[in-house]
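Asker: Chains as they are written, first to last, in my numbering: chain A, 2 to 185; chain B, -6 to 642.
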Amino acid sequence: MKIWHIILVISIAGLLALFYKGLWGDPRAIPTVLIGTQAATFSGPEVRTGEMLSTNRFHGKVILINFWASWCLECRTEHENLMALNRRFSPNPNFVMLGINYQDRLEDAQKYLQEYGSTFDHVRDLKGTISIDYGVYGVPETFVIDQQGIIRYKYVGPLVDTGYTHLTDDILQPLLEGRSISRS
Amino acid sequence: MFIEIGHFCVVLALVLSVLAMVSPIVGLKTGRPDLVRIARQAVTLNFFFVSIGMASLIYSFLTNDYSVKYVMATSNSKLPVFYKVAGLWGGHEGSLMLWVWILTAYSTLVVWLHWRTQPVIMPYLLSIQSLIMFGFLAMIVFLSNPFERLFPVPPDGRDLNPLLQDPAMVVHPPMLYLGYVGFSIPFAFAMAALFSGRLGEEWIKVTQRWTLFAWMALTTGILMGGYWAYYELGWGGYWGWDPVENASFMPWLVGTAFLHSVMVQEKRKMFKVWNLFLIIVTFSLSLIGTFLVRSGVLSSVHSFATDPGRGLYILVFVATMMSLGFGTLIVRSGKLRSQIEMDSILSKESVFLFNNLFFLVAAATVFLGTLYPLLVETLKTAKVSVGPPYYNAVFMPVALGLLVMMGIGPTIAWRKASSDNLRKNFLLPIIVAVLTTAAAWLVGIRTVFGMAGAMVVSFVATTIFVDFAKISALWARRHEINYLLGFYQAFTNNQRRSAGLITHIGVLVMVVGIIASTIYQVEKVVPMRIGDTIQLKNYTIKMVGLHEVSGANWTAEEGLFEVYKGDRLLTVLKPQKRIYPVSETPTTEAALYTIHLGHIFLTMPEVGSDHVTVRALINPLVLLVWIGGGIMGLGVLLNIFRPRTKASG
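(1) Taking Cβ positions only, does T169 (chain A) come closer than 7 Å to chain C?
(2) Taking 8 Å as the limit between beta carbons, can you name the residues of its chain near A640 (chain B), skipping five residues before and five after?
(3) Quick check: P141 (chain A) and E79 (chain A), are their CB atoms within less than 7 Å of each other?
(4) For M597 (chain B), report the span of its alpha helix (DSSP H) as first-last.
(5) Please classify V3 (chain B): does DSSP put it in a helix, a strand, or coil?
(6) Can you pull out the residues from the region 83 to 113 of chain A whose beta carbon lies closer than 9 Å to at least one beta carbon of chain B?
(7) Between F59 (chain A) and the rest of its own chain, which residues show a CB-CB distance below 6 Å, the 5 nearest in sequence each way excluded?
(8) Run down chain B in chain order and give the residues with a C-beta less than 7 Å from the C-beta of H6 (chain A).
(9) Closest Cβ-Cβ distance between M314 (chain B) and chain A: below 7 Å?
(10) Select from A:L114, A:A18, A:K3 the residue whose C-alpha is nearest the C-alpha of G304 (chain B).
(11) Does the beta carbon of F180 (chain B) come closer than 7 Å to any beta carbon on chain A?
(12) Is there contact between the region 340 to 349 of chain B and the region 408 to 422 of chain B, where contact requires at least three CB pairs shorter than 8 Å?
(13) What residue from B:T596, B:F347, B:K328, B:R325 has the CA that sits closest to M335 (chain B)'s CA?
(14) Return helix, strand or coil for N154 (chain B), following the three-state DSSP convention.
(15) If you follow the beta strand (DSSP E) that Q258 (chain B) is part of, which residue opens it and which one closes it?
(16) From K128 (chain A) to V286 (chain B), what does the alpha carbon distance come to, in whole angstroms?
(17) So if DSSP puts N67 (chain A) in a beta bridge, which residue, or which two residues, is it bridged to?
(18) Pick from B:K71, B:A32, B:L367: whose alpha carbon is nearest that of G15 (chain A)?
(19) Round the Cβ separation of T313 (chain B) and F176 (chain B) to the nearest angstrom and send it over; I've been treating them as touching at under 8 Å.
(20) Mapping DSSP to helix, strand and coil, what is S137 (chain B)?
(21) With a threshold of 7 Å between beta carbons, is F68 (chain A) in contact with chain B?
(22) I think V311 (chain B) touches L280 (chain B), with their Cβ atoms under 8 Å apart; what is that distance to the nearest whole Å?
(23) So, for K62 (chain A): in the same chain, excluding its five sequence neighbours on each side, which residues have a beta-carbon less than 7 Å away from its beta-carbon?
(24) Taking the straight line between their C-alpha atoms, what separation do you get for G628 (chain B) and T110 (chain B)?
(25) How long is the line joining the alpha carbons of M132 (chain B) and F284 (chain B), rounded to whole angstroms?
(26) When the cut-off is 7 Å and only beta carbons count, does F480 (chain B) lie next to chain A?
(27) Just to confirm my understanding: we take N418 (chain B), look at its own chain, exclude 5 residues before and 5 after, and list those with CB closer than 6 Å. What are they?
(28) Is G282 (chain B) close to chain A, meaning its C-beta is less than 7 Å from at least one C-beta of that chain?
(29) How far does the beta strand (DSSP E) with F554 (chain B) in it extend, from its first residue to its last?
(30) Using a cut-off of 8 Å between C-beta atoms, extract the partners of T606 (chain B) located in chain A.
(31) Hey, does L515 (chain B) have any beta-carbon neighbour from chain A nearer than 7 Å?
(32) Hey, quick one: how far does the beta strand (DSSP E) through A454 (chain B) stretch, first residue to last?
(33) What are the residues of the region 149 to 167 of chain A that lie near chain B, defined by any Cβ-Cβ distance shorter than 8 Å?
(34) Anything in the region 486 to 519 of chain B with a Cβ closer than 7 Å to a Cβ of chain A? List those residues in chain order, please.
(35) Considering only residues of the same chain and omitting the five flanking positions on each side of A447 (chain B), which have a CB-CB separation below 7 Å?
(36) Taking 7 Å as the cut-off, decide whether the C-beta atoms of F180 (chain B) and I272 (chain B) are in contact.
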């Protein structure tokens, strides 16, 4: 046996083992373990101003967190809805909305916001730790955190059609009115 | 009834594939050539049996026989006839049938074409091809049976996925499979060479045209898939680094490395183990691609229904083929030492070596990006996705390096390049490259990739031009003819090399298209009402209407947009937002207008009650991507069908 024989055998065996393990997972299944747990706090610089933002500041409010990236085409389809959502709920002092810029280049993200406009703050996920804390596996993903800092809702994919109306009417509206929400 | 005949024929083919796998080896061990001949007949019969299976399915599609479960799941009475035939490969089971059918067709051709000339390796070849055939036929018969019946018979079918109802769908999968499956031929020859101990250059010379054909088919398939994604998915890009795109790109990269490195073995008898390794990797990656698409291991736009059982089967099959391939290579590699050492770093051999390393690094990059989400999920149950930024940052520099070598490789000398050789071939290209880069800077190209692209493309283009000019001049002088005739004679005298250069020109054209359409893409996404206009560079796009239209199996809202340059009306674009009622799937149909080899590209991602969201793009020079692909294909065709009598190499 030469050294390259051993390397070859080990790497093929490892690859096959990985594939085997992968068979038993569903790539589209999203871990929902986070729902009902305390949301991780985070901080980071704002995309446009560079000012440091921290979730500690928003304690006691309903927070909507939206993960996005400038290279993400799905994010563009939900952009209008995010703006509408902010228009509708931001008059309520108990509501705050944050975008989290995911795996992006600063100039691209800034260009994106400049081009499409945005009325709420966006935090840069500098080390990728925010995404890891929230188990983000792709963008866009949206989370709702209640007044007690508990994650109450998670949505994967662009907020359009019923995904959007469900979030606004069945999740945010009741939460802000102090009513209970049905888990979905 | 017909469908049962088809089913029966496929089961027969499965039985025959076992026979064709075992009998040549028994024949070889017992010294009975008739047993080898039996395998040949079995493989040939298999082609006919699987053809009957295909025909019976197509017949069921055309006659709307929804008692066949597969037809029910992928067709509908309102589906246009065109797509009923293509519907055959619109789902998992049927596309496996297509896979096997192509394999039987290839195998039959190979066996009959090489029967006389390759008597020693033929038994092994038959056995290996039959093993692959057996693997896929068993999957069809036991796990993915397209001939299954349904009772009670539903009144209508569930319809073919609307995204697949596109002319490209008719050609894209067959082309891809011709590529994937085509690599099984050099693979089988390589394995046969390993088993039989005929480890010279013969297997490489015999399979050279087969490999080229498979490579061309795979290239065409990938490019057609890109074009389909470009206008059908409506995101205006042709490549998204989706896991399934990557699955077809990885064998392409390693296959391309193989195509190049075999030349070193032919000329210099080096890289023997390496070439065997490359072809085994290429074919393994084709199989892994199949596994990734059909097992539901990775999330992708292409995924078929997820089923761990099927996934496990394919995995076992992939593991078998890989163990067989690499195992034999390891056992036999002792006999395969290249006696010849590399003479100099400045030589064609070493450029080929670097070419190979770069192709492998590129493939490894894509491999890592594709599998990283799976790896992370396995290790710590987290979900990640790897986006285009990773690939752009890691893959692009490697691609540029490959392009540079594309300029150096064809003209640098074997063994050791003299400084005279280097000066003659590369001084002018370097000067041109520097001047072009400066010119690019002056006309306002400031991005790193834009400038690097201009430099590299002009360098390689000049080397090819210098090369063609030199050989034309040489032939014109030697035979006292004019330059044009000289070029023609020089070209045909060493057509393999000249055709390769044509393929390289195609690559350059494509690279220009990729760079221009990526860096200089202009995009706007805006809500519009009738009467609104948007400005996109020099073009004004005005929304003038929105109305309903309908087709055979869909209804749509169609927008009317006038495109102006200044005051001049260029065209009226009609993007649609379609609904296919049977499957309740919406699709976005893009509208395109071609200007200067680029496109104005319009889609309506959303149609609301009082406004529509419009996505407007200018993709400059984007057509060069496919024109370049066409030139590459032409180069390969000239190579495959070169006259046999002339000198090669």
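We put the beta carbon where it would ideally sit given N, CA and C, even for glycine.
Answerer: According to the data block:
(1) Absent from the structure is chain C; the protein chains it does hold are A and B.
(2) Caution applies to A640 (chain B), whose pLDDT of 44 falls short of 50 and renders its modelled position unreliable; the value that the coordinates give is listed next. Cβ within range, chain order: N486, N487.
(3) yes
(4) That residue, M597 (chain B), is in no alpha helix (DSSP H); its beta strand (DSSP E) goes 591 to 600.
(5) helix
(6) Y103, Q104, D105, R106, D109
(7) V97
(8) I323
(9) no
(10) A:A18
(11) no
(12) yes
(13) B:F347
(14) coil
(15) Note, Q258 (chain B): premise wrong, no beta strand (DSSP E); alpha helix (DSSP H) at 236 to 261.
(16) 31 Å
(17) A:G100, A:T143
(18) B:L367
(19) Between F176 (chain B) and T313 (chain B) the Cβ distance is about 17 Å, and since that is not below 8 Å, they are no contact.
(20) coil
(21) no
(22) 5 Å
(23) N95, F96, V97, Q148
(24) 27 Å
(25) 12 Å
(26) no
(27) T404
(28) no
(29) 548 to 558
(30) T78, E81
(31) A quick correction: the sequence has Val, not Leu, at residue 515 (chain B). Not one chain A Cβ lies under 7 Å of V515 (chain B).
(32) Run containing A454 (chain B): none in the beta strand (DSSP E); it sits in the alpha helix (DSSP H), 441 to 472.
(33) V161
(34) V518
(35) T429, T430, A433, I438
(36) yes
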